[in-house]
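Engineer: Residue 29 in the UniProt record's numbering sits at position 29 of the sequence shown, with consecutive numbering throughout.
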Amino acid sequence: MESPQELLAIAAELDSALTNLNSKVFEMQSLYEEIQNNHQQIQALTEEVNNYRNEVIALREEINENKNQTDVFRNESEALRGEIEVFKEQSQELLDQTNAHQNNALESLNITKEHENNALESLNIVKEHEGNALESFNLTKEHEANTLESLNITKEHEAASLESLNITKEHEGNALDSLNNSRDHENNALESLNITREHENNALESLNMTREHENNALQSLNTTHEHENGALESLNTTKEHENAALESLDTTKEHESNASEALNTTKEHENSALEELNTIKDHESNASNALRETEEHASNAESALSNIQQAESAVESAASNAESAANRAEGAASDAEAAAARANSSGGSFGSW
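This is the structure in structure tokens:
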């Protein structure tokens, strides 16, 4: 049998063990309460994980829908890219046609300027012809004045010849009178026959000279008539030349009018060519702007497609991360449930104890 000291020592050990046991019990109760709290938190986390899983499922469905929309948009983008390529080819073809039209317009403008230069040269030639025609017309008028002056001189010569002819006829009449007187003197005075015959010879000589003068006067008159006819013919020729010069002047003026009209038409053609050239330049600028806008649209479409692909990749990465997080959350929930089960088992043991 133990001694009282041993019993006291045992009692002290038992008391110390009981104190330690009570302390352990309190610790276990605190741990159980903590486990209960953790279990509630795990349940809340499980609900949150379930909600997150539902969100992940919804997000996955949204991702699939976005994938479908992305495929549709990709197909639309491919179709748009094809349309853009076609429009780019059409724009390039239109630009080539515009350049060809511009070259044709420039060539037409050069031809128009060449026509204008030819028209100006023709106008200068016509003006030169007009100057020559005016000079010829002035010379013709001068010839006409000279011819008229020659005609007046010829008429004066004719008048002088007629006057000389009248004087010659008067001399002839006087000579005949003298002859008659001489014959009377011959009949009445035979004595004066020799003298009368001498006078008669003188009178005959004077008559011959008078007739010679008359013949000369008639010849001069005929020559004067010929000169007059020549002067009239020259006057008619001069008038014909004048009429021809006037007709040539009218023709020259008509040529000048036609040349001026051709010059005006050429200037109108030049203005039309310049207007067409400006229109072609506007078309070329519009085509360049349309081509630039088309390239910008193509670049924007490609950039949008790249952004969509990046967004799709980011969404797929986020979905993968969400699935991984959900898996980790499910693992954590499973671990928490196992820990809660172990805690419940331990708590039950402590309660029964």
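Just so it is clear, CB atoms sit at the ideal spot from N, CA and C, and this is done for glycine as well.
Roughly how many angstroms lie between the CA atoms of residue 175 and residue 234, to the nearest whole one?
Structural biologist: 42 angstroms
Engineer: Pull up the CB-CB distance for residue 221 and residue 151, whole angstroms please, since I reckon it's below 8 angstroms.
Structural biologist: Cβ atoms of residue 221 and residue 151 stay farther apart than 8 angstroms, at about 16 angstroms.
Engineer: Whole angstroms are fine: how far does the CA of residue 146 sit from the CA of residue 180?
Structural biologist: 50 angstroms
Engineer: The alpha helix (DSSP H) with residue 109 in it runs from where to where?
Structural biologist: 4 to 188
Engineer: Do you know whose CA, among 67, 197, 218, lies nearest residue 161's CA?
Structural biologist: 218
Engineer: Express the C-alpha separation of residue 48 and residue 356 in angstroms, rounding to a whole number.
Structural biologist: The first residue shown for the chain is 1 and the last is 353, placing residue 356 beyond what the model contains.
Engineer: Rounded C-beta distance between residue 273 and residue 119? I'm assuming under 8 angstroms.
Structural biologist: Rounded, the Cβ-Cβ distance is 15 angstroms, inconsistent with contact.
Engineer: Are residue 133 and residue 248 closer than 8 angstroms when you measure CB to CB?
Structural biologist: Cβ distance < 8 angstroms, so residue 133 and residue 248 count as in contact.
Engineer: With 16 as the cutoff for other CB atoms within 10 Å, does residue 207 come out buried or exposed?
Structural biologist: Residue 207 is buried by the Cβ-count criterion.
Engineer: Pull up the distance between the alpha-carbon of residue 242 and that of residue 201, whole angstroms please.
Structural biologist: 58 angstroms
Engineer: Residue 108 to residue 284, Cα distance in whole Å?
Structural biologist: 18 angstroms
Engineer: Quick one: measure Cβ to Cβ for residue 158 and residue 228, integer angstroms, because I've assumed they're closer than 8 angstroms.
Structural biologist: The C-beta separation of residue 158 from residue 228 comes to about 7 angstroms, placing the pair in contact by the 8 angstroms criterion.
Engineer: Going by the CB atoms, is the gap between residue 129 and residue 168 shorter than 8 angstroms?
Structural biologist: no
Engineer: Between the Cα of residue 292 and the Cα atoms of 149, 85, 209, which residue gives the shortest distance?
Structural biologist: 85
Engineer: Which residues in the same chain have their Cβ closer than 7 angstroms to the Cβ of residue 224, if we skip the five residues on either side of it in sequence?
Structural biologist: 154, 157, 158, 161
Engineer: Spatial neighbours of residue 232 within its chain, please: C-beta separation below 8 angstroms, excluding the five flanking residues on both sides.
Structural biologist: 151
Engineer: Taking the alpha-carbon positions, what's the residue 144 to residue 125 distance?
Structural biologist: Straight-line measurement puts the Cα of residue 125 at about 28 angstroms from the Cα of residue 144.
Engineer: May I have the straight-line CA-CA distance separating residue 77 from residue 42, to the nearest angstrom?
Structural biologist: 48 angstroms
Engineer: Can you find the residues in the same chain that come closer than 7 angstroms, C-beta to C-beta, to residue 182, ignoring five residues on each side of it along the sequence?
Structural biologist: 196, 199, 200, 203
Engineer: Please classify residue 44: is it buried, with 16 or more other beta-carbons within 10 angstroms of its beta-carbon, or exposed?
Structural biologist: exposed
Engineer: Tell me the rounded alpha-carbon separation between residue 18 and residue 25.
Structural biologist: 10 angstroms
Engineer: By Cβ distance, which residues of its chain are closer than 6 angstroms to residue 20, with the 5 residues on each side in sequence left out?
Structural biologist: For residue 20, where only same-chain residues beyond five positions count, there are no Cβ hits under 6 angstroms.
Engineer: Skipping 5 residues on each side, what residues in its chain have a beta carbon closer than 7 angstroms to that of residue 271?
Structural biologist: none
Engineer: Whole angstroms is fine: what's the gap from residue 61's alpha carbon to residue 70's?
Structural biologist: 14 angstroms
Engineer: Using CA coordinates, which residue listed in 82, 135, 91, 237 is at the minimum distance from residue 286?
Structural biologist: The shortest C-alpha separation from residue 286 is found at 91.
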